[in-house]
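So the structure is just underneath, and the comments pick up after that.
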Amino acid sequence: MKHSVDVETKRRAISVDVGGTFTKVALVDTAGKVVRRWQEPSERQIASSDVPQFVVGIVQRVLRDSGLSKEEVVGVCVGIPGVIDRRTQTIISCPNLTNWEGMALGELVEETLGLPTYLEKDANEAALGERWLGAGRGVDDLICFTLGTGIGTGIILNGALYRGSTGGAGEIGHIIVDKDGPACACGNPGCLESYASARAIVGYARDAVQQGRATVLAEMAGGDADAITTETVFTAAKAGDPVAMRIAADAIEYLGVGVASIVNVFNPAMIILGGGMAQAGEQILVPVRQIVRKRARRLLAEHAEIVPAQLGNDAGVIGGAYLVFRGEGVALEE
Ligand SMILES: [Zn+2]
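Per the numbering used here, the very first residue in the sequence shown carries number 1; after that it's consecutive.
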């Protein structure tokens, strides 16, 4: 995917972050600044054969809206909420967008557009973004958690993204915390995600409401149990609702032991907690730090700083732009 680049004219990358619900698109400069952004619904029901054109159409719209020619763009990065085989650059697992599976999307988009196109797991992009311009600046060994519907991570070791032998590294949401636990979306019982992801927390909250337990959760969600989010749960917990407090505390405890296990395996200098759920801030950070101090090996826990992400929703698109610039040999601005 190497192309010769005239750094005098080419200063922008187009980063397409495909989520389960929305696709976020950003035009990013070599300083990592988001120059302009777009958002549209992800095509979940799209036929597989139309997926490349969906992405191509987005890039063409960005070029049109921003008045840029292809020659003024270094390349494109497409971030996917799934596993990519690094050897074939093929999407091998994408539970929220199953029609996108089996596709060598980067190659197909690159052929049509004539622009270098990279394909990356979204959690890896977030880790790269946070290391470039966010919480992980200057840190060579870090694990960046994206706490969302599921739990994703990007692993940076010795200053480089670690993808594993086939590209699947970082599936920390599926470490097994109870061999006989509840079924996970991946099909296995007892994964960390079944206890500590947004999907799990919201599920436990709705169950509590349906069981008629005394809680303000449904009322806070406008009387509709289906409208409960993790924010509802954490806000209710903060306000002292006993059911919400229990659900939040259990989820955080599982998250904490998951992080402690990762600290024991990788001895990172930093753990970054990002993603929608991490917006609960200190409510999650403080207990996770306590659990890690208590449950991870002492010397490792002492050296693992646990911090909030700094780039919010932009971490992924910024990390995607970083991949494009680095891959195409474009110097980054300080
Ligand atoms: Zn799982």
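Don't be surprised by glycine CBs; every beta carbon is placed ideally from N, CA and C.
Item                                                                                                                              : Value
Within 6 Å of ligand 1: residues by beta-carbon to any heavy atom                                                                 : His174, Cys184, Cys186, Asn188, Cys191 and Glu193
Contacts around Leu332, its chain only, beta-carbon distance under 7 Å, and the 5 residues preceding and following it disregarded : Thr30 and Phe325
Helix, strand or coil at Leu27 [DSSP, three-state]                                                                                : strand
Whole beta strand (DSSP E) elements within the segment 102 to 138, 3-residue minimum                                              : 117 to 121
For Asn267, the nearest candidate out of Val286, Met220 and Asp140 (CA to CA)                                                     : Asp140
Exposure of Leu299, with buried meaning 16 or more beta-carbon neighbours within 10 Å                                             : exposed
Reduced DSSP secondary structure (H/G/I, E/B, other) of Gln211                                                                    : coil
Leu255 (DSSP reduced to helix, strand or coil)                                                                                    : helix
Coil, strand or helix - Arg295 by DSSP                                                                                            : helix
For Pro308, three-class secondary structure by DSSP                                                                               : strand
Candidates Phe234, Leu97, Ala304 and Glu120: closest to Glu107 by CA position                                                     : Glu120
Residue burial classification, Met1 (beta-carbon count within 10 angstroms, cutoff 16)                                            : Per-residue confidence for Met1 stands at a pLDDT of 48, beneath the threshold of 50, marking its modelled position as unreliable; no derived number is given.
CB of Val233 within 8 Å of CB of Leu255, strictly                                                                                 : no
DSSP-derived helix/strand/coil call for Thr166                                                                                    : coil
Contact set for Tyr322: own chain, Cβ-Cβ below 6 Å, skip 5 residues either direction                                              : Leu128 and Trp132
In DSSP terms, what Gly152 is bridged to                                                                                          : Thr146
Buried/exposed call for Gly212, threshold 16 Cβ in 10 Å                                                                           : exposed
Sequence-distant residues of the same chain with beta carbon closer than 8 Å to Asp250, five excluded per side                    : Tyr195 and Tyr204
Own chain partners of Glu43 with C-beta closer than 6 Å, once the 5 adjacent residues on each side are dropped                    : Phe54
For Ala214, the nearest candidate out of Gly223, Val243, Phe22 and Ala237 (CA to CA)                                              : Val243
Nearest neighbour of Val286, chosen from Gly276, Arg297 and Glu305 [CA to CA]                                                     : Glu305
Bridge-paired residues (DSSP) for Ser18                                                                                           : It should be noted that the sequence gives Val, not Ser, for residue 18. Partner(s): Thr23.
DSSP beta-bridge partners of Arg12                                                                                                : Asp29 and Val73
Limits of the beta strand (DSSP E) - the one that Met270 falls within                                                             : Met270 to Gly274
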